Ligand SMILES: Nc1ncnc2c1ncn2[C@@H]1O[C@H](COP(=O)(O)OP(=O)(O)OP(=O)(O)O)[C@@H](O)[C@H]1O
Ligand SMILES: [Mg+2]
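Numbering (my numbering), first residue to last: 10 to 309.
Set out below in structure tokens:
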């Protein structure tokens, strides 16, 4: 229960009658305004209202100094589906993906034009970047567990957002590992160093770590390119399971993977989005000849 609700609960009669003392009304309004400005940590429902789970890019251009890496890109990514981004090396897939949690802000000389929305929120407008990144998790090609225990890796994000109670952290760690289909594998090794896990386990741990702050959107940049087929299969299964509640955008060089798991596919070439549509259509009846040549392996 938040503070404004507590004040109201203290005065149930007045509340029911619709009559509060002026002093209480002022207090409630102040508490509600503060709560709005700083949403409660890990309150998934509240964040979802704030951000939503659809992604939208409109007429996006991006430069690294004088080099234009993205050219007039517009894309509508549906919520709770898997969207794959494909295309040859250097065509701007990672650059585009990173725009959705403002990772490019950290690159000197990088300039972005156009608009990016998550739900109804303009994420390059007046947005709290920490809150944005809590809602938009990211998993990279190379697993990057922190040099600490499995438990502390997963608890890291929730702790950053102010969760201290051990029981609450225990619940989040178990829940996140369950979602990443790793609980059985790791429940007796929670205090072991994460860097001692295999590559595939490390990558799933990184996914679990991203899930620990309950993001509505998960961005994955070639998450399986360094993994064996069994680990790859586990991550693909995991993506399909997560997509029931999470919007996933995945960059992949693996055409079979894109065809297997994604609902939508976007084909990038030299900084342009050549084609975007339902995965089945892109792979069976591409409209653009360049898409066809790429997916049939004739260039790239
Ligand atoms: N930090 C940076 N500074 C300058 N140029 C960059 C930077 N990051 C990327 N680029 C350039 O922008 C273009 C797009 O790069 P990006 O990493 O988005 O491609 P990609 O499609 O993800 O490629 P890959 O499949 O190899 O990962 C490339 O020409 C790259 O050299
Ligand atoms: Mg890339």
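Built from N, CA and C at the ideal position, the CB exists for glycine as well.
What you are looking at is a predicted structure, and each value in this text was computed from that prediction instead of being measured.
Same chain, Cβ closer than 7 Å to residue 118, neighbours up to 5 away in sequence not counted: If we look at residue 118 and ignore the five residues flanking it on each side, its Cβ neighbours are 73 and 74.
Inside the stretch 99 to 162 only - alpha helix (DSSP H) runs reaching at least 4 residues: Here the runs fully enclosed are 102 to 108 and 138 to 144.
C-beta atoms of residue 258 and residue 215 nearer than 7 Å: Their beta carbons are not under 7 Å apart, which means residue 258 does not touch residue 215 by this criterion.
Cutoff 6 Å; reference residue 150; Cβ partners in own chain excluding five residues on either side: Within the same chain, residue 150 has close Cβ partners 230, 231 and 234.
Helix, strand or coil at residue 184 [DSSP, three-state]: Of the three classes helix, strand and coil, the one that applies to residue 184 here is helix, per DSSP.
Sub-7 Å separation of residue 91 and residue 252 beta-carbons: Taking 7 Å as the Cβ cut-off, residue 91 and residue 252 qualify as a contacting pair.
Closer than 6 Å: residue 102 CB and nearest ligand 2 heavy atom: Residue 102 Cβ: within cutoff of ligand 2.
Residue 278 versus 303, 145, 286 and 206, residue with shortest Cα-Cα distance: Among 303, 145, 286 and 206, the Cα nearest to that of residue 278 belongs to 303.
For residue 143 and residue 136, the rounded distance between their alpha carbons: For residue 136 and residue 143, the distance between alpha carbons rounds to 12 Å.
Host alpha helix (DSSP H) of residue 289 (start-end): Where residue 289 is concerned, the enclosing alpha helix (DSSP H) stretches over 288 to 293.
Limits of the unbroken beta strand (DSSP E) element including residue 256: Counting along the chain, the unbroken beta strand (DSSP E) around residue 256 starts and ends at 256 to 260.
Span of the beta strand (DSSP E) around residue 172: Taken as a continuous stretch (DSSP letters only), residue 172 belongs to no beta strand (DSSP E), as it is neither H nor E.
At least three beta-carbon pairs within less than 8 Å, the stretch 202 to 218 to the stretch 149 to 167: Yes: at least three Cβ pairs fall under 8 Å.
Residue 67 - DSSP class collapsed to helix/strand/coil: For residue 67, the secondary structure class from DSSP, reduced to helix, strand or coil, is strand.
Three-state class that DSSP yields for residue 206 in the structure shown: If DSSP states are grouped into helix, strand and coil, residue 206 belongs with coil.
Simplified DSSP assignment, three categories, for residue 191: If DSSP states are grouped into helix, strand and coil, residue 191 belongs with coil.
Whole-angstrom distance between residue 69 and residue 242, CA atom to CA atom: C-alpha separation (whole angstroms): 34 Å.
Contact test: residue 164 Cβ vs ligand 1 heavy atom, cutoff 6 Å: Ligand 1 has no heavy atom closer than 6 Å to the beta-carbon of residue 164.
Residue 243 (DSSP reduced to helix, strand or coil): Here residue 243 sits in helix by DSSP.
Beta-carbon spacing of residue 146, residue 202 below 7 Å: No. Outside cutoff.
Beta-carbon spacing of residue 240, residue 286 below 7 Å: In this structure, residue 240 keeps its C-beta atom at 7 Å or more from the C-beta atom of residue 286.
Unbroken beta strand (DSSP E) run spanning residue 78, endpoints: Counting along the chain, the beta strand (DSSP E) containing residue 78 begins and ends at 76 to 86.
Residue 73 beta carbon near ligand 1 (any heavy atom closer than 6 Å): Under cutoff, so the answer is yes.
Ligand 1 heavy atom lying under 6 Å from the CB of residue 116: Remark: the shortest separation between the CB of residue 116 and any heavy atom of ligand 1 falls under 6 Å.
Any 3 or more C-beta pairs closer than 8 Å across the stretch 79 to 90 and the stretch 256 to 275: With the rule of 3 Cβ pairs closer than 8 Å, the stretch 79 to 90 counts as touching the stretch 256 to 275.
Pairwise C-alpha distance: residue 205 and residue 300: Going by the C-alpha atoms only, they are around 41 Å apart.
Beta-carbon proximity check, residue 6 vs residue 166, cutoff 7 Å: In the structure as shown, the chain begins at 10 and stops at 309. Residue 6 is therefore absent and cannot be evaluated.
One or two residues paired with residue 284 in a DSSP bridge: Paired residues: 276.
Buried/exposed call for residue 162, threshold 16 Cβ in 10 Å: Residue 162 should be labelled buried.
Residue 234: CB within 6 Å of a non-hydrogen atom of ligand 1: For residue 234, the shortest C-beta to heavy atom distance toward ligand 1 is 6 Å or greater.
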